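Numbering-wise, UniProt numbering puts 212 at position 212 of the sequence shown, and it's gapless, one number per residue. Don't be surprised by glycine CBs; every beta carbon is placed ideally from N, CA and C. The structure presented is a predicted model; accordingly, all values stated were derived computationally and were not measured.
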Amino acid sequence: MLNGLWLGFFIVAAVSALAQWLIGGNAGIFAAMVESIFAMAKLSVEVMVLLFGTLTLWLGFLRIAEKAGIVEWLAKALGPLFLRLMPEVPAGHPAIGLITLNFAANGLGLDNAATPIGLKAMKALQELNPSATIASNAQILFLVLNASSLTLLPVTIFMYRAQQGAPDPTLVFLPILLATSCSTLVGLLSVAFMQRLRLWDPVVLAYLIPGALALGGFMALLATLSATALAGLSSILGNLTLFGLIMLFLVVGALRKVKVYEAFVEGAKEGFDVAKNLLPYLVAMLCAVGVLRASGALDFGLDGIRHLVEWAGWDTRFVDALPTAMVKPFSGSAARAMLIETMKTSGVDSFPALVAATVQGSTETTFYVLAVYFGAVGIQRARHAVGCALLAELAGVLGAIGVCYWFFG
């Protein structure tokens with residue numbers, strides 16, 4: 001899938017460039033495309049330097065949380081809920097802890113770190129699966145919730161914004177939180193409908209109702225604020241949550257007699273190993289997107305969508321963020337490249353860049369997750385996993401667009 005997507009970018013760019021040269025008489029188009037390749041290769045390295053630091057930093061803190069027992073405590077706290085949502089998984093099974101750790105990494109926006117943990121969780125669930133090729137209900141629920149991208153602290157989005165010169169990288173904190181809540185809720189409800197899960201079970205309601213009331217009350221409070229106040233609140237909460245989480249890990253680790261420095265270095269080494277493998281993918285996708293933009297093909301496609309949106313009488317400012325949303329189900333690296341390219345082209349705090357950042361933080365690479373997670377355990381029949389995951393993806397995109405108009409529109 002990624003091979004076809006990447007090759008398609010270059011083929012479409014080549015066709016567009018030939019059309020501009022032969023029909024439009026633009027002989028300089030090829031020089032612009034070559035220049036874009038080298039510019040994007042340079043940008044890839046610049047982004048990668050900060051990505052090294054971000055992944056190394058947060059996997060170090062995540063290892064402290066793991067050794068301090070915070071992850072284990074979360075697994076125990078969520079155990080009763082998972083027993084209802086995944087009745088085929090026995091209490092205390094290792095899969096619960098791995099699922100919790102995967103959600104923790106996703107919640108911090110560390111999608112690259114969450115993947116290896118998620119693969120371990122899927123293999124643990126496969127041990128309980130009576131079929132070698134058909135996805136179990138527990139595997140489907142885990143995958144859809146994973147694909148819904150519940151992101152509580154999107155540190156990598158903050159990193160990309162900081163790298164592009166955003167004066168306040170955490171500005172999109174609340175929009176992402178609200179949009180990712182939409183995608184996760186729709187993902188959970190769609191799976192519950194397909195699997196006939198008893199969401200009205202008293203234990204499930206004890207978990208869901210307080211969360212829903214808190215989110216509803218918070219949104220009601222936000223509705224009373226102006227756009228300027230919303231942006232300011234998002235910045236304050238983003239930075240406060242970020243630093244508060246670091247202090248929580250350190251203090252609990254110290255109280256539990258964890259050698260926090262040694263634990264941090266141990267996790268940081270893993271983060272370095274994860275990050276160093278990403279540069280080839282980042283270079284490949286950024287260069288492909290750069291060529292697509294330089295050839296005029298991307299602008300041509302967006303202009304077509306923009307005319308349709310204008311015909312419908314809608315505002316068109318979100319259209320320039322759609323490339324990120326359109327490729328995100330297929331490739332995280334392609335969506336990341338689209339996001340960076342949008343920030344670089346339109347401005348890091350422009351409306352399209354803010355929408356693209358929110359989409360990137362509240363959606364997941366659905367087809368990639370399906371292929372990798374199910375492929376790792378030999379699952380061939382995904383059953384209703386694809387439909388539920390795509391429904392959650394759509395909810396995340398629509399939620400991101402709507403929330404950004406609320407906050408920044």
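So what's residue i in DSSP terms, helix, strand or just coil?
i    : result
R198 : coil
P94  : helix
E35  : helix
D349 : coil
I23  : coil
M86  : coil
P280 : helix
A254 : helix
P344 : The question names Pro, but residue 344 in the sequence shown is Lys. Helix, per DSSP.
N106 : helix
K328 : coil
S181 : helix
D168 : coil
K259 : coil
G211 : helix
L150 : coil
W406 : helix
W314 : coil
N239 : helix
G361 : helix
G28  : coil
L225 : coil
A389 : helix
A68  : coil
L101 : helix
Is residue i near the ligand MN, going by C-beta to nearest heavy atom under 7 Å?
i    : result
L145 : With respect to the ligand MN, the structure shown offers nothing to examine, as it has no ligands at all.
Report the partner residues of residue i according to the DSSP bridge assignment.
i    : result
R381 : I134
Could you tell me which of the options sits nearest to residue i, measuring between CA atoms?
i           : options                : result
M285        : A91, A335, P323, L237  : A335
S148        : L119, N106, F61        : N106
residue 413 : L322, N129, L391, V144 : Absent from the model: residue 413. The displayed extent of the chain is 1 to 409, so no value can be given.
R383        : Q20, L141, A68, Y281   : L141
L208        : A75, A400, L22, R84    : R84
A13         : S183, G296, L119       : G296
P80         : A206, G253, F408       : A206
L174        : G290, G118, L153       : L153
L279        : S136, S44, N137        : S44
L57         : V265, D315, I379, L292 : V265
F407        : A385, V359, T228       : T228
L315        : G409, E66, C182, S16   : Per the sequence presented here, residue 315 reads as Asp, with Leu not at that position. Per the Cα distances, G409.
T100        : P90, V89, G118         : G118
E270        : G92, L59, F38          : L59
L188        : V403, G402, Y405, G396 : G396
L233        : I379, V172, L145       : V172
L250        : T241, Y261, H307       : Y261
A385        : L143, A65, G69         : L143
E341        : R317, L7, L292         : L292
A325        : G399, L199, P169       : G399
Please list the terminal residues of the continuous alpha helix (DSSP H) segment that includes residue i.
i    : result
R161 : 155-163
R306 : 297-311
Taking Cβ positions only, does residue i come closer than 8 Å to chain C?
i    : result
A121 : The structure shown contains no chain C, having only a single protein chain.
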